[in-house]
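Trainee: Per full-length UniProt numbering, the very first residue in the sequence shown carries number 1; after that it's consecutive.
Yeah, the Cβ is synthetic: ideal placement off N, Cα and C, and Gly gets one too.
Below is one structure. I have some questions about it.
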Amino acid sequence: MKFEEIKDKFEIDKHSRKSDRVQAKCPCHDDKNASLTISYNSKEEKTMLYCHAGCNTKDIVESIGLKMSDLFDKPLKITEEKKSAFEKDIEAIYKFYDENGDLAYEKIRKKGKKFLHRRYIDGAEIWGMEEGIYTETFPGSNSWSMKKRSGAKTAFWPDQEQLLYNLPNLIKAIKEGRTVFITEGEKDADNVILRGEVATTTSIGATKGDLGKKWPSRFNKYFKDANVVLLPDNDAPGRAFMEHIAEQIKDLANSVKILELPNLDEKGDVSDWFEDGNDIYDLLDLAKRTDEFVQYKGNIIYDFNWSDVGNAERLISIYGKDIKFNVNQGKWYVWNGVNWELDNSFKVENLYRRVLRKFQKDIVNINIQGDEQATSKQKEKAKAFVLRNETDGKIKGVLNQAKTFQGVNFIESDKDDYLFNTPESTINLRNLNQKKHDRRDLITQCSNYSFNRENDKCPNWIAFLNRIFCNDQELINYVQKAVGYSLTGDMSEQCLFMLWGGGANGKSTFVKALEDIMGTYAATIKGETLMEKNGQDGARGDLARLTNKRVVIASELQEGQVFNEPLLKVLSAGETLPVRFMYQEEFMLKPKFKLWIMTNKKPKVKGNDHGIWRRWRMIPFKYKFTEKEKDPNFYEEKLKPELEGILLWAITGYQMWKEQGFEAPQEVMEAVEDYKMDMDQVGRFIEDCCKVGEGYECTGANMYDEYINWCIAEGENYKMTNHKLAQDLKEKGFVNKRKSSGKYWTGIGIDSFKSY
């Protein structure tokens, strides 16, 4: 088939200019970069196909409905009988590419699990990887092997160092933060790749021999910051080889796991496992639930004392990298690969049990040379030690010792207020740079969605905001900045957000989206947490659990309740306050969260001072959805698919806050002033009951009696003391004087004609 005919079967890149060499999209993978080179070899009169992503030429040809023979201009007349015995024996050809995507060599699998290596140098076909003198296989063939042939032409060829299989795709996947698999052979790697994941292997399998030769140290560099899952065959050499690789790369990689597949026959591999009916989702699920590789190189039995302290040292030596104890909370945390996670499922206890199992397993290695009887007694003592340490009391004792170790316990976490953790990476909000998750950052929280610069589309969310805020773009921009500010632990604005308005106005949907994108950075509290109440000197577990949160949503506020103003001031300013969990020691909570208060009714604010009112940001929800407009599936079907885009909208809000400042729109501040006037009890009392001006006066006793009667008539639950009423009247400019008959107020008097 002619070159032009073959070329027409592909999607050619529009930038291709040469008539005999073009770039096209490869049909065998999701190709966005036109990585397939199509060229014409005029000497041999054939079309050449080469995919830089590593796809097999035969697969490419067959995907467009052609045969390999169609690549030649003239039909090939080669029958099956004429094929050489060598070609008939070939079961597979595995191509190894270097970092640049250039073919370095091929590994040919023949029947009987025999392997050969073939490479090409300047048109010559070289059979072998070693440096040395090669002999031409037959005159004029330009094909060379190390087999000596009498009278044949010889040539020196350099060595070809061993490469990792699928190397270009491996490098790319690690940069993208994807999980990569290491298998024991190319067939297994291909079966993982075929199912959409990234896998690699070496040219030399896990048979007996020098492990350093099978896995050269130069391979390690490729796995810096990688998330690696090793898949050993179900045999001793396979497990030993994978443990060797894990040991080599564990200090460079982000995470390393050895996944021993369940229900495999002896010597079975991942290809067999797939043939048994398992799929890639089963593999990914097992990988997620597999613990990270740890290896203790010393002697676990004799390196530490046989005591609680010794067992604690064993635990820390093996698993110390992945466990931490929070002194304030009295709680263990475990590293889950993304963040430090509160251990609510006794993982640390289970890790200690593993230590005991390791100790128990190694008892067989106890050997006191020349004294069989002493060896036997020592083994019995070791067995008894394990049994004694499996009791509940002993386990607690060991964990109590472990939490005292320096480097294990910590007091403050999530210290950097501008790091925002996502499932895929940690974002530095200062510059939007992304980095790999790092234990050293001591981050305990994570959002539910990842930062994707490409996914900036959330049309349903934008339309929703326009509706609930009545197309007020100034208010929408302010809300966006408020959400962006809430991504941080920065408390410099010292403000509280109150989402206020009647029902059916979108408040709950808005807050649900905010809570969903924040993930564990968000928490909810009952409104009563923020109200005045008796017994506030006890344990404040409701506040203690807000450690390191960045958004706290308060709901269930009741009309007539009175805000705890000193608490609101402390929380909004990020000032420390003493709290404690039940039955735990007191610690100092440093708030890093923004309060988002949802309410239909406005709770009471007693104070009239600037210190409390400057903090309020009233966000009015004026729109009301009609019954016809209400869609019970709106959030799940329209907004939830856009949450990744909504997170990017929030991050943009952070940038707007930093660049534009945080001046509140007039509508927000007018709502605050209205709230302040509603909460000015004394002002309303004066308006209802008093006359103001020069010449008016009233005794303090009469003023207070009139005030109490007004409170009763108005149904005011909160009634000031005489002293507090006097303070408020003085703040409004009225003067309290003394006569022989007692104290009296000037400039204000009781209006007997006003009715309440």
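Just mark Tyr583 as buried or exposed, buried being the case when its beta carbon has 16 or more other beta carbons within 10 Å.
Mentor: By the 10 Å Cβ count, Tyr583 comes out exposed.
Trainee: Which residues bound the alpha helix (DSSP H) around Gln727?
Mentor: Per DSSP, Gln727 belongs to the alpha helix (DSSP H) from 722-731.
Trainee: Jot down the residue ranges of each uninterrupted alpha helix (DSSP H) in the stretch 78-123, minimum 4 residues, whole runs only, in chain order.
Mentor: Runs of the alpha helix (DSSP H) inside the stretch 78-123: 85-89.
Trainee: Is Pro262 helix, strand or coil by DSSP?
Mentor: Three-state DSSP puts Pro262 in coil, outside helix and strand.
Trainee: Alpha carbon to alpha carbon, what distance is there between Glu559 and Lys602?
Mentor: Rounded to whole angstroms, Lys602 to Glu559 spans 6 Å at the Cα level.
Trainee: Less than 8 Å between the C-beta atoms of Lys250 and Phe304, yes or no?
Mentor: Not in contact: Lys250 and Phe304 (Cβ atoms no closer than 8 Å).
Trainee: For Val364, does the count of other Cβ atoms within 10 angstroms reach 16, so buried, or fall short, so exposed?
Mentor: Answer is exposed; the Cβ neighbour count stays below 16.
Trainee: Taking the straight line between their C-alpha atoms, what separation do you get for Glu667 and Trp613?
Mentor: Cα to Cα, Glu667 sits roughly 16 Å from Trp613.
Trainee: Between Glu716 and Gln681, is the Cβ-Cβ spacing less than 8 Å?
Mentor: Yes, the pair counts as a contact, with Cβ atoms nearer than the cut-off.
Trainee: Kindly indicate the opening and closing residues of the alpha helix (DSSP H) around Gln655.
Mentor: 643-660 is the extent of the alpha helix (DSSP H) around Gln655.
Trainee: Check whether the Cβ atoms of Ile258 and Asp225 lie closer than 8 Å to each other.
Mentor: Their beta carbons are not under 8 Å apart, which means Ile258 does not touch Asp225 by this criterion.
Trainee: Does the beta-carbon of Lys594 have 16 or more other beta-carbons within 10 angstroms, so that it is buried, or is it exposed?
Mentor: The residue is buried, with at least 16 neighbouring Cβ atoms inside 10 Å.
Trainee: Is Asp269 close to the ligand ATP? I mean its beta-carbon at under 7 Å from any heavy atom of the ligand.
Mentor: Among the ligands in the structure shown, none appear at all, so the ligand ATP cannot be discussed.
Trainee: Okay, do the stretch 506-518 and the stretch 467-485 touch, 3+ Cβ pairs below 8 Å being the bar?
Mentor: Contact holds: three or more Cβ-Cβ distances are below 8 Å.
Trainee: Roughly how many whole angstroms lie between the Cα atoms of Val338 and Lys324?
Mentor: Roughly 14 Å between the two C-alpha positions.
Trainee: Tell me whether the beta-carbon of Lys592 lies closer than 8 Å to the beta-carbon of Thr576.
Mentor: Not in contact: Lys592 and Thr576 (Cβ atoms no closer than 8 Å).
Trainee: Using C-beta distances below 6 Å, list every residue in its chain close to Asp362, excluding the 5 sequence neighbours before and after it, in chain order.
Mentor: Cβ neighbours of Asp362 beyond the five flanking positions: Ile300, Ile301.
Trainee: Whose C-beta lies closer than 8 Å to the C-beta of Phe497 among residues of the same chain, with five residues either side of it excluded?
Mentor: Closer than 8 Å at Cβ, skipping near neighbours: Ala482, Lys594, Leu595, Trp596, Ile597, Arg617, Ile619.
Trainee: Could you give the DSSP three-state label for Pro578: helix, strand or coil?
Mentor: Residue state, collapsed to three classes: strand.
Trainee: Where Val327 and Gln401 are concerned, what is the direct C-alpha to C-alpha distance, given to the nearest angstrom?
Mentor: Distance between the alpha carbons of Val327 and Gln401: 13 Å.
Trainee: Which residue from Tyr97, Ala92, Asn100 puts its Cα closest to that of Ile108?
Mentor: Per the Cα distances, Ala92.
Trainee: Check whether the Cβ atoms of Val198 and Asn311 sit closer than 8 Å, and answer yes or no.
Mentor: For Val198 and Asn311, no; Cβs fall outside 8 Å.
Trainee: At the level of alpha carbons, what is the spacing between Glu318 and Leu170?
Mentor: Looking at the sequence provided, one finds Ile at residue 318 rather than Glu. So the alpha carbons of these two residues sit roughly 29 Å apart.
Trainee: Among Lys730, Ala713, Ala726, Ile686, which one has its Cα closest to the Cα of Gly749?
Mentor: The shortest C-alpha separation from Gly749 is found at Ile686.
Trainee: Just the C-alpha distance for Phe359 and Arg440, rounded to the nearest angstrom, thanks.
Mentor: The straight-line gap from Cα to Cα measures roughly 30 Å.
Trainee: On the DSSP letters alone, give me the boundaries of the alpha helix (DSSP H) that Gly693 sits inside.
Mentor: Here Gly693 belongs to no alpha helix (DSSP H); instead the beta strand (DSSP E) covers 690-699.
Trainee: Tell me whether Glu184 is buried or exposed, calling it buried when 16 or more other Cβ atoms sit within 10 Å of its Cβ.
Mentor: The residue is buried, with at least 16 neighbouring Cβ atoms inside 10 Å.
Trainee: Return the chain-ordered list of same chain residues with a C-beta closer than 8 Å to the C-beta of Arg550, the five sequence neighbours on each side being excluded.
Mentor: Counting only Cβ-Cβ distances below 8 Å, and skipping sequence neighbours, we find Gln445, Ser486, Leu487, Thr488, Gly489, Met518, Tyr521, Ala522, Lys592, Phe593, Lys594.
Trainee: Whole angstroms are fine: how far does the CA of Lys172 sit from the CA of Glu87?
Mentor: Looking at the two C-alpha atoms, the distance is approximately 34 Å.
Trainee: Go ahead and pull the three-state DSSP assignment for Arg21.
Mentor: Strand at Arg21.
Trainee: Around the Cβ of Arg540, are there at least 16 other Cβ atoms within 10 angstroms (buried) or fewer (exposed)?
Mentor: Buried, by the Cβ-count rule.
Trainee: What first and last residue would you give for the beta strand (DSSP E) that runs through residue 760?
Mentor: Since the displayed the chain opens at 1 and closes at 756, residue 760 lies outside it and no answer follows.
Trainee: Does Phe464 come out as helix, strand or coil in the three-state DSSP assignment?
Mentor: Helix at Phe464.
Trainee: Check for me: the alpha helix (DSSP H) holding Ile193 runs from which residue to which?
Mentor: Unbroken alpha helix (DSSP H) run through Ile193: 186-194.
Trainee: Between Asn220, Gly65, Ser271, which lies nearest to Ala246 when the distance is taken from Cα to Cα?
Mentor: Nearest C-alpha to Ala246: Asn220.
Trainee: Using the C-alpha atoms, what's the distance from Gly506 back to Asn466?
Mentor: Going from the Cα of Asn466 to the Cα of Gly506 covers about 11 Å.
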